[in-house]
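What follows is a set of notes on a single structure, which appears directly below.
There are 2 protein chains.
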Amino acid sequence: MTVSSEGKRPILKRVCVIGLGLMGGSLALALRRSGVVEHIVGCGREALLRRAKEMGAIDSGLVDAAESVAECDFVFLCTPVETSIGLLARIAPMLRPSALVSDVGSTKNALATAAREIFGASAGERVLPGHPLAGSEVSGLEHASADLYTDCIWVLTPLDGEAGDELIASHRTLRAALEAIGARVIFSTPEEHDRTLAYTSHLPQMLSTALALTLEEAFGGGSPALEIHAGGLKSMLRLAGSDPVMWEQVAASNRANIAEALERLEGELRKLRESLGSVEFRKKFEQAKEFAKFVKQ
Amino acid sequence: MTVSSEGKRPILKRVCVIGLGLMGGSLALALRRSGVVEHIVGCGREALLRRAKEMGAIDSGLVDAAESVAECDFVFLCTPVETSIGLLARIAPMLRPSALVSDVGSTKNALATAAREIFGASAGERVLPGHPLAGSEVSGLEHASADLYTDCIWVLTPLDGEAGDELIASHRTLRAALEAIGARVIFSTPEEHDRTLAYTSHLPQMLSTALALTLEEAFGGGSPALEIHAGGLKSMLRLAGSDPVMWEQVAASNRANIAEALERLEGELRKLRESLGSVEFRKKFEQAKEFAKFVKQ
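Going line by line, the protein sequences match chains A and B.
Heads up, the first sequence stops at 287 in the numbering used here, and the numbers go up one at a time, no gaps.
Heads up, the second sequence stops at 287 in the numbering used here, and the numbers go up one at a time, no gaps.
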């Protein structure tokens, strides 16, 4: 592979994108637009491959994942996290020894563990798990956009914990390609990533879903009562529209961290409920208001 | 008072707005712009009165609430709900017999009860509680805008349960003035309003505040971990920036309904936590996704 990013020359020769939904479709479109890839192989169902070709997202396509990775320098697994783990085992025997596998899954620990089981001591070289923080409550190739990753934080979690100047050549090339499509690459470990995301991403999702379930139980869908709300309800229910299959897999692959975050939050809700309208209640609100300033709107 | 709304003639002669924060300031600005009021008296601290006059929101101002309502046809209480209840008792002796008092508080039952205690059998004529669903996580006169109530739902909750054609003249005039500033007026009862809002407004607020408290406990403010999130966190934390004093009073005046809503939600969170990543979990997510479609984004 060519590692130079000088001029306009492609830095990735042949890339495989497995899974052509919102994430994979957008990645293919963004790589294409940036001009850093010579050839993109897509992998997915026939109808998706056809559509992705029409959109100009891929150059060629194959239904079989193991076949699709042959001759590729970079492989992106763009399926829900447990699906990606299964795929990693299936494509492993067909990968070129120099090929690098990455992914876009919402959790990183489970994939890292699987990579170590499959590749042993060379896992850190062969697999570099990643997570672009660009999810959305919509899904599917029809919503894919070359802009999805513009200015988005893309976390890379090297298995051996290296970062910055320590990166091996293929890892540096991956980072350069991601930066070429507009992402802001940062480094973490799989463990730290999953614990943080349990609080900053998975917990908000659980809240939004639980709010929807509570409102449905109280009023049922389509009740006129649901018209009586300020803007707050909409913003709190937006995430509830997210893909159930993706979230089933996120939850399964980060169970302990999410359970801990949920227990803490249930405790905070109980304290608010037991102090409704008291001075202690107001102090909690003041504390929360101060904290909220740290997450810029 | 003049009840005709034909042509451009004002339909309200002299209006008093007590409380010149976001809600009261915006109401004064919107009434002024719509041309339906001849004279607006403001009531608030000296500095606020000065500022409101500079902004063109009020024509005259008084610090004392009881003095400010003399000679007025309409009085709007635009303070947090428990403050408004105290003010209602204080201004009652000074009100003209034909004057109508309304408010913009987040709960309606407590004010309705106070009105019945103060005015007895004529409470339904003298007080028409209202609630514009136009709250915001910002507060204060500096954020006031003549546009705050444009297209916003404004719930009126007549104490005697009348609505539509049954309204007495002063109630019809109030409705016409609110429609003149762009609000969409709907009718409810104080009891129904408070129960509904516990779920559609107060519950989302509690969730956002509890999420902020949980994240602070886990990371502390300003932690780099807080940079690692997708857009979902921001939308879920927006409400946590709301005014603590206002919410202390909302919670105190709607305790039973909010406690019920919170208990149900805590139950849903517990069920999600106990089924993380299972088929049952996915079914919950599918149910929530279906429901979320009913609240248009």
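All residues carry an ideal CB built from backbone N, CA and C; glycine is no exception.
Counting C-beta pairs with one atom in each stretch, the stretch 156 to 173 of chain B and the stretch 155 to 168 of chain A have fewer than three that are closer than 8 Å, which means they do not touch.
Remark: fewer than three beta-carbon pairs, one from each stretch, lie closer than 8 Å, so the stretch 210 to 228 of chain A and the stretch 73 to 85 of chain A are not flagged as touching.
Shown here, A/His133 sits in a helix according to DSSP, grouped into three states.
Scanning the stretch 244 to 277 of chain A for uninterrupted alpha helix (DSSP H) segments of 4 residues or longer gives 245 to 264, listed from N- to C-terminal end. Nearest in C-alpha terms to A/Val285, of all of B/Leu216, B/Ala282, B/Glu256, B/Gln239, is B/Leu216. In this structure, B/Thr147 and B/Pro119 form a Cβ contact; the two beta carbons are roughly 5 Å apart against a cut-off of 8 Å. Shown here, B/Lys3 sits in a strand according to DSSP, grouped into three states. Judged by DSSP secondary structure, B/Val71 falls within the alpha helix (DSSP H) whose first and last residues are 71 to 81.
Between A/Leu201 and A/Ala241, the C-beta spacing is not below 8 Å.
B/His219 reaches chain A at Leu123, Thr190, Ser191, counting residues in chain order whose Cβ is nearer than 7 Å. A/Ser198 belongs to the set of residues whose beta carbon lies under 8 Å from a beta carbon in chain B.
In the structure shown, B/Phe284 falls within a coil segment according to DSSP collapsed to helix, strand and coil. Contact of A/Ile143 with chain B is assigned, a C-beta pair being separated by under 8 Å. With 16 or more other Cβ atoms from the protein chains shown falling within 10 Å of its own Cβ, A/Ser58 counts as buried.
Chain order gives the chain B residues near A/Phe284 as Gly211, Gly212, Leu216, where near means a beta carbon separation below 7 Å. Residue environment analysis places A/Gly15 among the buried positions, since at least 16 neighbouring C-beta atoms fall within 10 angstroms of its C-beta.
The Cβ atoms of B/Arg106 and B/Ala113 lie closer than 8 Å to each other. Judged by DSSP secondary structure, B/Arg22 falls within the alpha helix (DSSP H) whose first and last residues are 12 to 24. Per DSSP, the continuous beta strand (DSSP E) segment holding A/Leu90 begins and ends at 90 to 93.
For A/Ser58, the enclosing alpha helix (DSSP H) has its first and last residue at 55 to 58.
Taking C-beta atoms under 8 Å as the contact rule, A/Leu252 and B/Leu259 qualify, at a distance of about 6 Å.
At least one C-beta of chain B is nearer than 8 Å to the C-beta of A/Thr186.
In the same chain as B/Lys98, and ignoring 5 residues on each side of it, the C-beta atoms closer than 7 Å to its own belong to Pro119, His121, Thr147, Pro180, His183, Asp184, in chain order. Cα atoms of A/Lys279 and B/Ser198: separation of roughly 10 Å, rounded to the nearest angstrom.
The Cβ of B/Lys274 sits closer than 8 Å to at least one Cβ of chain A.
Relative to the Cα of B/Ala60, the nearest Cα in the group B/Pro83, B/Ala42, B/Glu72, B/Thr73 belongs to B/Pro83. Judged by beta-carbon spacing, B/Cys6 lies beyond the 8 Å limit of B/Val53, meaning their Cβ atoms are not closer than that value. Note on geometry: alpha-carbon atoms of A/Asp233 and B/Val117 lie some 48 Å from one another. Proximity to A/Arg35 across A/Ala20, A/Ala282, A/Leu131 peaks at A/Leu131, based on C-alpha coordinates.
DSSP lists no beta-bridge partner residue for B/Arg228. Excluding five sequence positions before and after A/Leu149, the CB atoms of its chain that fall closer than 6 Å to its own CB belong to Ala102, Ala113, Gly114, given in chain order.
In chain order, Ala18, Ile30, Gly32, Ala42 place their CB closer than 6 Å to the CB of B/Ile48, counting only its own chain and leaving out the 5 sequence neighbours on each side. A direct Cα-to-Cα measurement between A/Leu90 and B/Glu270 gives close to 36 Å. About 14 Å separates the CB atoms of B/Val71 and A/Arg272; that is not less than 8 Å, and the two are not in contact. Bounds of the alpha helix (DSSP H) holding A/Leu168 are 159 to 170.
Counting along the chain, A/Ser198 sits inside the alpha helix (DSSP H) bounded by residues 193 to 209.
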